[in-house]
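Just below is one structure, and these are the notes that go with it.
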Amino acid sequence: MTSRFNDMPIKNKLTMMIMGTTTIVVIIAFLAFFVYQLDATWQDNKNKLTSVARITGLNVAAAITFHEQQSAADTLAALSVEPSVLAAFVIKPNGQIFAQYRSLSGMANKHVQEPSPKIDELIAEASTESFWSFDKDLEAVEPIIFDHQQIGLVIIRSQPTNLLAKTRWFIEFTAGILALIFIIIYFLSSRLQQVISGPILHLVEIMRTISEQKNYCLRVKKETNDEVGTLFDGFNEMLENIETRDKQLELHRENLEQQIALRTNDLSDTNRKLEDMIVELKLAKETAETASKAKSEFLSNMSHEIRTPLHAVLGMTELLDHTELTEEQRKLLTTIHSAGKTLIGLISNILDFSKIEAGKMVLDYVAIDLLSTFNETIAPIVQMAEQKGLKVEICIEGTDGLLVLVDPTRLKQILTNLIYNAVKFTVQGKISVHSSLRRQSDNNADLLIEVTDTGIGISTDAKATIFDSFTQEDGSTTRKYGGTGLGLAITKKLVSLMGGEISIESELGKGSTFLVIIPCQTQNKPLTVEATPDCAADRKEIKGTSILVVEDNADNQNVVRQMLEMFGFRVDIAGNGLQACEMTAHATYDLILMDCQMPVMDGFEATRSIRERERLTGAHTNIVALTGNVVTKDLEQCLIAGMDDYLGKPFSLQEIHTMAMKWLPAQDGTADRNDDNRDEAWQGSAEVT
Ligand code: ADP
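Start counting the sequence shown at 28; every next residue gets the next number (the numbering used here).
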């Protein structure tokens, strides 16, 4: 209801409010007047009746005194001239009715009963009457006085006909007047409301036009100086502000458009330049990629080219070592062998470093037994230390029953670098290697490796840069101890790759401690099964077995041939892949040792060709790659080409023997071509890279 009123047009609201207010006021005024009129009429009636009662009392006083009841009744009967009188009673002081009169309507009216015999009550009742007692008849009670004595009472009851008639008339009159007033009020209010609503409607109209046409030049016409006038002033001022702002905006927009046009031109220029730059950058990127590829290829080739002659040098020295030599000659040979080994280590370091720098170092996680990995790694260095007269303490704790998931090759590399340095930089005293697993949860632990020596120590200044590549404490270190300054840089990068940290504590002249912490996963060692003796190895007979060595370098051909023949193998040599294919087409070999990079046809191509042919015959000859390239890419290529295993150059007598025995077919004729064997071999390839 309220919301309907709120939503009404202001015009209607004002009309309703004026009409409502006026109507209420008029009704209240009429009601007051009506009550007043009613009371006046009632008083009038009452007075009249009282006068009649008093006159009647005077007239019946003699009749009471002389007990002339008929005379009193006649006097009362004279009241019949007043039609409103319903009944009249003359009552003696003892309460007895002395005479009475009832009009015809009084007789018909049942509630006109005889008065109470108690005079006091009658008088009291008469005095409480008022015009509000609509349901009651009018009653006048007057004492009859004779000779200063009350000799009775006159009671006259009358019907308030006048009153009712007046009321009815009044209501009809009021309704008529009200209707008239209502029409006049409506007429006036609909005119008057225009004084208020007119300007507001004008404002609304202007507002609507502005919002539809967006024309802020329009203004409202102010006609009064009241609040509405002030509102109009405010509204006009607001419109003026908007108009001014619009003009400013328009100006600004024009400016902006000019600026945008300028900027667009600039941007187009910049865009063109950028596009040119992108083309240049693309070219530069392609050049860089080509250069990077060339660098990788160069590294790969260099690795191959250096390893190949080194292989010959190391192989020959090893073979020479198995011949009769003088003490002096043997010493010289040992020096040549150790220099060759150092050179190999150097090449490996450079390759590793460039791989890490290029972000191509990928870790290969394997679950290993920490104790045996440590023992394998430390054993050769311990020998070196003992030869130097250094004491070595090794303590490995907390690894019982556990396998640790790490990249074993890289872990060995870290250990070797640290322990080798400790031995290298310690003249006397001891080296201690302490390792433990600090459990973090059921399957997670931190692997702690602490390598301590009593060597020359590292100065505080040098400690800050010791892990940077090509950094040594001072130039004299190279002269005195040798080295490239790459070992610790590689170690630090490997530790970081594994998610670990390396730190150093050292004091000049007192020694150093390198602490490595590597987070790793652990798993319980499976229950050890009693190792069954390698029957296949037992069943392998060297005598009479033929091995085809595919190698282009004459020196290496010699080395491999002599090494194998030393064990009793029969050896044929092919100078390249094509020759190998031809030779294997005419003869059957127990094993092929295949170099990878060769002129005419390389080892990959030759292997693919041999495997293709074997697909038709169903035969399988194991092929082991002999490669100087130990980068993952090349080893993967070997696997894809169909080779079974690889042997990195340079290899020792022991290594080539182990490899040959691993891949020779068993004596009973069953080829030792075990897929697990092959998988294991190729898993190892990732470790070597
Ligand atoms: P390299 O040993 O080939 O020079 P590293 O990176 O392994 O390269 O070591 C860098 C330098 O850090 C060494 O030249 C040496 O000055 C110092 N250094 C490394 N380990 C030790 C150590 N245990 N005691 C004293 N100095 C060390």
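Backbone N, C-alpha and C fix where the C-beta goes; we use that ideal spot for every residue, glycine too.
The structure displayed is predicted, hence computed values, not measured ones.
Any heavy atom of the ligand ADP closer than 7 Å to the CB of G512? Numbered from its first residue, the sequence shown carries residue 512 at position 485. Within the cutoff, so yes.
Per DSSP, cross-strand counterpart(s) of A601: Here residue 601 refers to the residue found at position 574 of the sequence shown. Per DSSP, V577.
Measuring straight from C-alpha to C-alpha, what distance separates K249 and W69? Counting from one through the sequence shown, the residue named residue 249 turns up at place 222. Counting from one through the sequence shown, the residue named residue 69 turns up at place 42. The straight-line gap from Cα to Cα measures roughly 59 Å.
By Cβ distance below 6 Å, which residues in the same chain neighbour A80 in space, the five residues on each side in sequence not counted? Position 53 of the sequence shown, counting from 1, holds the residue named residue 80. So the list reads A167, E169, V181 and I183, once near-sequence residues are dropped.
Delimiting residues of the alpha helix (DSSP H) encompassing D101: The count along the sequence shown starts at 1 and reaches residue 101 at position 74. Start and end: Q96 to A104.
Buried versus exposed, by CB contacts within 10 Å (16 or more), F452: Indexing the sequence shown from 1 puts residue 452 at position 425. Buried is the call here.
Looking at C-alpha atoms only, which residue of I569, A412 and L653 is the closest neighbour of T481? Working through the sequence shown from its first residue, we reach residue 481 at position 454. For the residues I569, A412 and L653, the minimum Cα distance to T481 belongs to A412.
Residue environment, N39, which counts as buried when at least 16 other CB atoms sit within 10 Å: Here residue 39 refers to the residue found at position 12 of the sequence shown. Answer is exposed; the Cβ neighbour count stays below 16.
Local conformation of D244 per DSSP, three classes: Here residue 244 refers to the residue found at position 217 when the sequence shown is read from its first residue. Reading the sequence as shown, one finds Cys at residue 244 and not Asp. Of the three classes helix, strand and coil, the one that applies to C244 here is coil, per DSSP.
State the CB to CB distance for the pair V587 and L618, rounded to an integer number of angstroms; the pair is presumed to be in contact (CB under 8 Å). Numbered from 1 along the sequence shown, position 560 holds the residue referred to as residue 587. Numbered from 1 along the sequence shown, position 591 holds the residue referred to as residue 618. Between L618 and V587 the Cβ distance is about 12 Å, and since that is not below 8 Å, they are no contact.
With a floor of 4 residues, list each alpha helix (DSSP H) that falls wholly inside the stretch 597-655, ordered by position along the chain. 604-613 and 630-644
Is it buried or exposed, P553, if we count other Cβ atoms within 10 angstroms and call 16 or more buried? Translated into the one-based positions of the sequence shown, residue 553 becomes position 526. Label assigned to P553: exposed.
For F678, is the classification buried or exposed, using 16 other Cβ atoms within 10 angstroms of its Cβ as the cut-off for buried? Residue 678 sits at position 651 when you count from the first residue of the sequence shown. The residue in question, F678, is buried, as its Cβ has 16 or more Cβ neighbours within 10 Å.
Suppose the cutoff is 7 Å on Cβ atoms and the five residues either side in sequence are ignored; what does the same chain contact list for F541 look like? Position 514 of the sequence shown, counted from the start, is the residue given in the question as residue 541. Around F541: L445, V478, I529 and I531.
For T49, I'd like the list of residues in its chain whose CB is within less than 6 Å of its CB, leaving aside the five on either flank, ordered along the chain. Counting from one through the sequence shown, the residue named residue 49 turns up at place 22. Taken in chain order, the residues that qualify are I212.
In angstroms, rounded to a whole number, what distance separates the CA positions of K75 and R31? Taking the sequence shown and counting its residues from 1, one reaches residue 75 at position 48. Taking the sequence shown and counting its residues from 1, one reaches residue 31 at position 4. Rounded to whole angstroms, K75 to R31 spans 56 Å at the Cα level.
Since G675 is in the alpha helix (DSSP H), which residue starts that stretch and which ends it? In the sequence shown, residue 675 corresponds to position 648, counting from 1. Unbroken run through G675 is the beta strand (DSSP E), D672 to G675; no alpha helix (DSSP H).
Closest to I45 by CA distance: which of E639, M686, L215 and G428 is it? Locating residue 45 in the sequence shown gives position 18, counting from the first residue. Taking only the C-alpha atoms, the option nearest I45 is L215.
May I ask you to check if the CB of G482 is nearer than 7 Å to at least one heavy atom of the ligand ADP? Your numbering for residue 482 matches position 455 in the sequence shown. G482: yes, Cβ under 7 Å from the ligand ADP.
Helix, strand or coil at L691 [DSSP, three-state]: Along the sequence shown, read from residue 1 onward, the residue named residue 691 stands at position 664. Coil.
Taking just the CA atoms, how far does L278 sit from D260? Here the question's residue 260 lines up with position 233 in the sequence shown. Here the question's residue 278 lines up with position 251 in the sequence shown. D260 and L278: Cα-Cα distance of roughly 27 Å.
Where F61 falls: helix, strand or coil (DSSP): Residue numbering aside, residue 61 sits at position 34 when the sequence shown is read from its first letter. Of the three classes helix, strand and coil, the one that applies to F61 here is helix, per DSSP.
Hey, quick one: how far does the alpha helix (DSSP H) through K119 stretch, first residue to last? The count along the sequence shown starts at 1 and reaches residue 119 at position 92. Segment: none, K119 is in no alpha helix (DSSP H) and carries neither H nor E.
Roughly how many angstroms separate the alpha carbons of H461 and I421, rounded to a whole number? Here residue 461 is taken as the residue at index 434 of the sequence shown, counted from 1. Here residue 421 is taken as the residue at index 394 of the sequence shown, counted from 1. Approximately 6 Å between the Cα atoms of the pair.
For the structure I just gave you, are there three or more beta carbon pairs, one from the stretch 234-246 and one from the stretch 47-67, closer than 8 Å? no
Among all the DSSP beta bridges, which residues are the ones paired with K457? Walking along the sequence shown from the start, residue 457 turns up at place 430. In the DSSP output, where bridge partners are listed per residue, K457 has K418.
Helix, strand or coil, according to DSSP, for Y392 in the structure here? By one-based count along the sequence shown, residue 392 stands at place 365. DSSP places Y392 in coil when its eight states are reduced to three.
How about D628 and G602: do their beta carbons lie closer than 8 Å? Within the sequence shown, numbered from 1, the residue matching residue 628 stands at position 601. Within the sequence shown, numbered from 1, the residue matching residue 602 stands at position 575. According to the sequence provided, residue 628 is Met. The question's Asp does not apply to it. Not in contact: M628 and G602 (Cβ atoms no closer than 8 Å).
Hey, would you say the C-beta of N444 is under 7 Å away from at least one heavy atom of the ligand ADP? One-based indexing of the sequence shown puts residue 444 at position 417. N444: yes, Cβ under 7 Å from the ligand ADP.
Option nearest Q606 by Cα separation, candidates M625, G416 and G47: Taking the first residue of the sequence shown as 1, we reach residue 606 at position 579. The shortest C-alpha separation from Q606 is found at M625.
Anyone know if the C-beta pair for A90 and A99 falls short of 8 Å? Position 63 of the sequence shown, counted from the start, is the residue given in the question as residue 90. Position 72 of the sequence shown, counted from the start, is the residue given in the question as residue 99. Cβ distance < 8 Å, so A90 and A99 count as in contact.
Stretch pair the stretch 367-378 + the stretch 319-338: three plus CB contacts closer than 8 Å: yes
Neighbour-count burial assignment, I16, 16 or more Cβ in a 10 Å radius: Since the first residue shown for the chain is 28 and the last is 716, residue 16 is missing from the structure and cannot be characterised.
Tell me which same chain residues have a C-beta within less than 6 Å of the C-beta of L521, skipping the five on either side of it? The residue you call residue 521 lines up with position 494 of the sequence shown. Result list for L521: R437 and I441, in chain order.
Which residues mark the beginning and the end of the beta strand (DSSP E) in which T125 is found? In the sequence shown, the residue the question calls residue 125 occupies position 98. It should be pointed out that residue 125 corresponds to Phe in this sequence rather than to Thr. Where F125 is concerned, the enclosing beta strand (DSSP E) stretches over I124 to R129.
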